[in-house]
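Peer 1: All letters in the sequence shown, in the order written, are residues -23 to -1, 1 to 195 by mature numbering (1 follows the signal peptide of the UniProt record, and there is no 0).
C-beta atoms are modelled at their ideal positions from N, C-alpha and C, and glycine is treated no differently.
Bear in mind that the values here come from a model prediction, so they are computed numbers and not experimental data.
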Amino acid sequence: MNCIRKRFTAAAAMALAASCAQADVLVSNLAQPERAFSELTSQFWAAQSFTTDGSVHSLLSIDAMLGASALGGDDTEYVAELHASGPGIIGTLLSTFSFGSMPSGAPTSISLLPTSGVSLAAGTTYWLVMGERHGSLDTEYLGWSYAEGNASIGPGTLGAFGYSTDGGASWSASTFDTPNPFRLAVNVASPVPEPSSMALMALGLLALLAMRRVHRME
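1. Please work out which residues of its chain come closer than 7 angstroms, Cβ to Cβ, to I67, disregarding the five sequence neighbours upstream and downstream, and give them in chain order.
2. If I follow the unbroken beta strand (DSSP E) through G63, where does it start and stop?
3. For D40, which three-state DSSP category applies?
4. Leaving out five residues on either side along the sequence, give the residues of the same chain with a beta carbon under 8 angstroms from the beta carbon of M79.
5. Comparing alpha-carbon positions, which option in R110, W121, L90 and S151 lies nearest A166?
6. For the beta strand (DSSP E) containing Q25, name the first residue and the last one.
7. Given a cut-off of 8 angstroms on the beta-carbon distance, is the pair T73 and E109 in contact?
8. Pick helix, strand or coil for V106, following the three-state DSSP scheme.
9. Since R12 is in the beta strand (DSSP E), which residue starts that stretch and which ends it?
10. Using DSSP's beta-bridge definition, name the partner residues of L135.
11. So, helix, strand or coil for S46, using DSSP?
12. Which class does R160 belong to by DSSP, given the choice of helix, strand or coil?
13. Residues in the same chain with beta-carbon distance under 8 angstroms from V33, minus the five sequence neighbours each way, listed in chain order, please.
14. Can you pull the DSSP bridge partners for V165?
15. Starting from W121, follow the beta strand (DSSP E) in both directions and report where the run begins and ends.
16. Taking only three categories from DSSP, how would you classify G68?
17. Assuming contact is defined by CB atoms lying nearer than 8 angstroms, are D27 and G126 in contact in what I supplied?
18. Along the chain, where does the beta strand (DSSP E) containing I87 start, and where does it finish?
19. Would you identify the three-state DSSP class for T73, choosing helix, strand or coil?
20. So what does DSSP say about S96, is it helix, strand or coil?
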């Protein structure tokens, strides 16, 4: 019985320490149904704000519901950027995003990967900016799905959306009572285990090793 109790204690210590290092979704409304999608062009861009909780996070990726029209040119460039909040709504550029080919048709979940490391400060608002830059053919649009309601999951929150009619040179914020935010998920890295958590895990490992040694001697 004493051996069982010790083994349970060691396992519990390791589980508690491991729980401090789980991946997380800061905020997501991808599960919400689509109301419609906005057609983004070389002139009309859109942005969705999100605000962090009381912790600092390392940004892994942002999943956004996107889809391109079929009338596209090979020289079309899709814009995906993370900006700080600023006096003109959209502030300093923090990072661009890389992603695979943009599928045509109905918006689907596309994973946007930051091209540089981004640390999201606690209690701070950021903007995901989406748009296009066209070359010789200006008939394509990028569809960005927005939600039927305002519900989301995660410790962070989704706020107002912004829009630009001059290709990102100037911005306005939505003033709707029901903003129907663009659909996205902000994914953050697993938190680094605190020293106390690492010590707890080490204690659990030592306890398990000690029990195995005692078991072999019996």
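Peer 2: Concretely, from the data shown:
1. For I67, the CB contacts under 7 angstroms within the same chain, skipping 5 residues up- and downstream, are A24, H60, W104, V106, G139 and W148 in chain order.
2. From DSSP, the beta strand (DSSP E) with G63 extends over E54 to G63.
3. strand
4. L43, G44, A45, Y55, I87 and L119
5. L90
6. W22 to T28
7. no
8. strand
9. Boundaries of the beta strand (DSSP E) harbouring R12: E11 to L17, taken from the DSSP string.
10. F27
11. S46: coil per DSSP, three-state reduction.
12. coil
13. Excluding sequence neighbours, V33 sits near S96, L97, A98 and A99.
14. Looking at the DSSP assignment, V165 forms a beta bridge with D1 and L36.
15. L119 to A124
16. strand
17. Note that residue 27 is Phe in the sequence shown here, rather than Asp. The answer is no: Cβ separation not under 8 angstroms.
18. T85 to P91
19. strand
20. strand
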